[in-house]
Amino acid sequence: MSNIELPSIWFLLIPVFMIASDAFLDVFGLYSNSFLSRSVTGGITGFVLPFFLIPGFVKLFNDVFNFVSKKSNI
Amino acid sequence: MNNSPNKLTPVIVSSVIMVLLSSVPFLNLINTFCCMGIILGGFIGVTYYAKQVQGNNLPLIQKDSILIGLLSGIIAAIVNTGVTVAITLFSKVNPMGEMMEMMSQLGTKMPPEAMDIMEKLSQEFTKYGYSPTLTIITLIMNLVLYPLFGILGSFIAYQIHKRKNLQQPTL
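Shown next, in the form of structure tokens:
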């Protein structure tokens with residue numbers, strides 16, 4: 047749980063681009079999205095997102111605990 | 012030794028902007044366009060950090076920029092959920108009851124399962140002044156959306172500042 051290294055941003059940007067293109071192509075009437083396309087693009091983004099969120103949470107709580115412990119030592 | 016400036020101030024600036032653009036009435040309509048308020052928060056946070064970094068003659072690092080968007084997104088998600096609960100408690104409004112009334116006036120037909128859930132949430136609003144179930148759902152949704160769009164905003168800002176730095180002539 048000490049790992050606060052983020053993976054490359056492209057691992058997040060590519061699934062986000064897929065989910066956005068799935069939505070916008072439907073909005074502009076170029077391609078009608080389906081339950082399957084929404085599930086697949088959402089599933090990939092949902093799989094990738096924790097690899098960014100968990101290090102972020104760990105970093106945030108580490109910083110908060112360090113700040114509190116420094117204050118309590120003073 | 013890491014000489015990069017403190018990231019706490021950009022994170023706080025960014026999360027304050029995200030919360031303001033998500034909770035102030037009418038101003039929060041900006042989020043109807045692809046969560047633009049959250050993207051803007053991440054963008055401004057990294058712009059602020061980039062100015063600090065450039066002042067110290069240091070390069071802007073991509074991971075630092077993304078971390079600012081991510082952390083401010085997490086903080087803004089938690090704070091915004093709290094603000095939403097506080098507003099609901101003070102306003103003493105039952106949004107679920109109003110929504111059900113509006114739907115019946117418009118003649119919109121909802122599946123009975125959805126009506127049952129809305130009825131339960133409406134009872135929670137009447138009993139406690141807010142809905143604990145809806146608050147947890149909102150928090151989980153915010154914890155996905157805010158960091159995601161915060162990262163996107165900070166990445167856009169990073170790309171812009173990186174190009175600006177490349178275009179600047181070296182003296």
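As they're listed, the protein sequences go chains A and B. Residue numbers for the first sequence, in my numbering: 47 to 120. Residue numbers for the second sequence, in my numbering: 12 to 182. Every residue gets a Cβ at the ideal spot worked out from N, C-alpha and C, and that includes glycine.
Taking C-beta atoms under 8 Å as the contact rule, Leu71(B) and Ala61(B) qualify, at a distance of about 5 Å. Where Thr95(B) is concerned, the enclosing alpha helix (DSSP H) starts and stops at Gln73 to Ser102. Here DSSP, grouped into helix, strand and coil, assigns Phe97(A) to helix. Around the beta carbon of Gly102(A), 16 or more other beta carbons sit within 10 angstroms, so the residue counts as buried. Within chain A, not a single residue places a beta-carbon under 8 Å from that of Lys62(B); the smallest gap is close to 22 Å.
CA-CA distance, Gly108(B) to Tyr139(B), rounds to 14 Å. By the Cβ-count criterion, Pro21(B) is buried, with 16 or more other Cβ atoms from all chains shown falling within 10 Å of its own Cβ. For Asn176(B), the enclosing alpha helix (DSSP H) stretches over residues Pro143 to Gln178.
For Ile55(A), the chain B residues whose C-beta falls within less than 8 Å of its own C-beta are Gln73, Ile77, Ile162 and Phe166, listed in chain order. Under a 10 Å Cβ-count criterion, Leu154(B) is classified as buried, with 16 or more other Cβ atoms of the shown protein chains found around its own Cβ. In this structure Lys131(B) is exposed. Its beta-carbon is surrounded by fewer than 16 other beta-carbon atoms within 10 angstroms.
A distance below 7 Å separates the beta carbons of Gly80(B) and Gly161(B).
Boundaries of the alpha helix (DSSP H) harbouring Val24(B): Leu19 to Ser34, taken from the DSSP string. For a Cβ distance threshold of 8 Å, residue set Leu99, Gly102, Phe103 and Leu106 of chain A lies close to Ile85(B), ordered along the chain. Linking Ile147(B) to Phe107(A) through their CA atoms gives a straight-line distance of about 20 Å. Using a CB distance cut-off of 7 Å, Leu76(A) does not count as an interface residue toward chain B.
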